[in-house]
Amino acid sequence: DTAVSQTPKYLVTQMGNDKSIKCEQNLGHDTMYWYKQDSKKFLKIMFSYNNKELIINETVPNRFSPKSPDKAHLNLHINSLELGDSAVYFCASSQEGQRTQYFGPGTRLTVL
Amino acid sequence: GDSVTQMEGPVTLSEEAFLTINCTYTATGYPSLFWYVQYPGEGLQLLLKATKADDKGSNKGFEATYRKETTSFHLEKGSVQVSDSAVYFCALYSGNTPLVFGKGTRLSVIA
Chain A
1 DTAVSQTPKY
11 LVTQMGNDKS
21 IKCEQNLGHD
31 TMYWYKQDSK
41 KFLKIMFSYN
51 NKELIINETV
61 PNRFSPKSPD
71 KAHLNLHINS
81 LELGDSAVYF
91 CASSQEGQRT
101 QYFGPGTRLT
111 VL
Chain B
1001 GDSVTQMEGP
1011 VTLSEEAFLT
1021 INCTYTATGY
1031 PSLFWYVQYP
1041 GEGLQLLLKA
1051 TKADDKGSNK
1061 GFEATYRKET
1071 TSFHLEKGSV
1081 QVSDSAVYFC
1091 ALYSGNTPLV
1101 FGKGTRLSVI
1111 A
């Protein structure tokens, strides 16, 4: 009965590859997010997305693209992976109009 | 823009010691304030929150009071345990801005 789940938990890949991270929430929320946590534990929003609007953080390279097949899922696709993309990526969700966000367990991406 | 400043870590305490982790914020409007905790190898868990001035959030013995006059939301616990060892993040949500996090404070509690 996990509320926000992510797969995979660990992802190790070579530079230049394309990879995806999946996120699913069963809370009935309609807003989902992706955050990046760097090696110093600093967390920063990458995207927020609901049925109506994708809000792109301008500091995120366009190699990163979120895709939402439905309200319960928000996947993160990353093209042409670079060493600097190594981080932990967290998915989160909230009910539209509510400020409390619930986080998934994170995906640790390592680019070699 | 909105920002959150937390005290630098790491913080090392003995079991049963009193804990304070300072957090101050800068925001437009009336933000909601949060403390999240990240245990080793795990994701972020909501610890407590406060949505308006003078509200006190509390959970698992932790407390924080939303102080608008000092723009602060300090986290306190009267008696820490080894199991409280984790990274603690202060965060705010203001208007339509998704969560803005502080840099996190690592707490280590030794027996």
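Chains as they are written, first to last, in our numbering: chain A, 1 to 112; chain B, 1001 to 1111. Even for Gly, the Cβ is constructed at its ideal location relative to N, Cα and C. Keep in mind that this is a model prediction, so the values were computed, not measured.
Kindly indicate the opening and closing residues of the beta strand (DSSP E) around residue i.
| i | result |
| --- | --- |
| A/Asp115 | Lying before the first or after the last residue shown, residue 115 of chain A is absent from chain A, which here runs from 1 to 112. |
| A/Glu24 | 19-25 |
| B/Val1037 | 1032-1038 |
| A/Ser94 | 87-94 |
| A/Val60 | No beta strand (DSSP E) holds A/Val60; DSSP gives it neither H nor E. |
| A/Arg108 | 107-111 |
| B/Arg1106 | 1105-1110 |
| A/Thr13 | 10-13 |
| B/Val1087 | 1086-1093 |
| B/Gly1057 | 1056-1059 |
| B/Tyr1048 | In the sequence under discussion, the amino acid at residue 1048 of chain B is Leu, which differs from the Tyr named in the question. Looking at the DSSP string, the run of the beta strand (DSSP E) that includes B/Leu1048 is 1044-1050. |
| A/Val4 | 4-7 |
| A/Asn79 | That residue, A/Asn79, is in no beta strand (DSSP E); it is neither H nor E in DSSP. |
| B/Ser1003 | 1003-1006 |
| B/Val1011 | 1011-1014 |
| B/Leu1075 | 1075-1077 |
Along chain B, in chain order, which residues have C-beta atoms closer than 8 Å to that of residue i?
| i | result |
| --- | --- |
| A/Ile56 | The contacting residues do not exist; A/Ile56 stays about 12 Å from chain B at best. |
| A/Tyr10 | What A/Tyr10 touches in chain B: nothing, since even the nearest Cβ is about 11 Å away. |
Output, in chain order, the set of chain B residues within a Cβ distance shorter than 9 Å of residue i.
| i | result |
| --- | --- |
| A/Lys67 | Near A/Lys67 there are no residues of chain B at all, since even the closest Cβ is about 18 Å away, more than 9 Å. |
| A/Tyr33 | Pro1098, Leu1099 |
Skipping 5 residues on each side, what residues in its chain have a beta carbon closer than 6 Å to that of residue i?
| i | result |
| --- | --- |
| A/Gly106 | Val88, Phe90 |
| A/Ser39 | none |
| A/Leu112 | Gln14 |
| B/Leu1099 | Ala1091, Tyr1093 |
| B/Ser1032 | Thr1051, Tyr1093 |
| B/Lys1077 | Leu1019, Gly1061, Phe1062 |
Within the same chain, show all residues whose beta-carbon is closer than 7 Å to that of residue i, passing over the 5 residues directly before and after it, in chain order.
| i | result |
| --- | --- |
| B/Gln1081 | Glu1015, Val1109 |
| A/Met46 | Trp34, Tyr35, Lys36, Asn57, Val60, Phe64 |
| A/Ser86 | Leu109, Thr110, Val111 |
| B/Ala1111 | Glu1015, Val1082 |
| B/Val1004 | Cys1023, Tyr1025, Cys1090, Ala1091, Leu1092, Val1100, Phe1101, Gly1102 |
| A/Thr188 | This structure cannot settle anything about residue 188 of chain A, because the visible part of chain A is limited to 1 through 112. |
| A/Glu96 | Asp30, Thr31, Asn50 |
Give me, in chain order, the residues of the same chain whose beta-carbon lies closer than 8 Å to that of residue i; leave out the 5 immediate sequence neighbours on both sides.
| i | result |
| --- | --- |
| A/Leu11 | Lys19, Ile21, Thr107, Arg108, Leu109, Thr110 |
| A/Tyr102 | Ala3, Val4, Gln25, Leu27, His29, Ala92, Ser93, Ser94 |
| B/Lys1056 | Ala1050, Glu1063, Ala1064, Thr1065, Tyr1066 |
| B/Leu1044 | Tyr1036, Val1037, Gln1038, Phe1089 |
Run through chain A and tell me which residues come within less than 9 Å of residue i, C-beta to C-beta.
| i | result |
| --- | --- |
| B/Leu1046 | Thr100, Gln101, Tyr102, Phe103 |
| B/Phe1089 | Lys41, Leu43 |
Report the neighbours of residue i on chain A: residues whose CB is nearer than 7 Å to its CB, in chain order.
| i | result |
| --- | --- |
| B/Glu1042 | Pro105 |
| B/Tyr1093 | Arg99 |
| B/Lys1052 | Here the premise fails: no neighbours, minimum Cβ distance about 11 Å. |
| B/Lys1049 | Thr100 |
For residue i, which residues in chain A fall below 8 Å Cβ to Cβ?
| i | result |
| --- | --- |
| B/Lys1060 | Chain A residues near B/Lys1060: none, gap ~17 Å exceeds 8 Å. |
Determine the chain B residues that contact residue i at a beta-carbon separation under 7 Å, and present them in chain order.
| i | result |
| --- | --- |
| A/Ser48 | Pro1098 |
Can you list, in chain order, the residues of the region 1097-1109 of chain B whose Cβ is nearer than 7 Å to any Cβ on chain A? Pro1098, Leu1099, Phe1101, Lys1103, Gly1104
Residues in the region 93-106 of chain A having any Cβ partner in chain B nearer than 8 Å:
Arg99, Thr100, Gln101, Tyr102, Phe103, Gly104, Pro105, Gly106
Given 8 Å as the limit, is there contact between the region 1032-1048 of chain B and the region 1083-1096 of chain B, that is, 3 or more CB pairs closer than that?
-> Counting Cβ pairs under 8 Å, three or more are found: they touch.
Worksheet item: Do the region 1016-1029 of chain B and the region 1089-1102 of chain B make contact, defined as three or more Cβ pairs closer than 8 Å?
Response: yes
For the region 78-93 of chain A, which residues have a beta carbon sitting closer than 7 Å to at least one beta carbon of chain B? Phe90
Problem set entry | Three CB pairs or more closer than 8 Å across the region 1055-1070 of chain B and the region 74-82 of chain A | no
* Asked: When you check each C-beta in the region 1018-1040 of chain B against every C-beta of chain A, which residues fall closer than 8 Å?
  -> Listed by position, the residues of the region 1018-1040 of chain B near chain A (Cβ gap below 8 Å) are Ser1032, Phe1034, Tyr1036, Gln1038.
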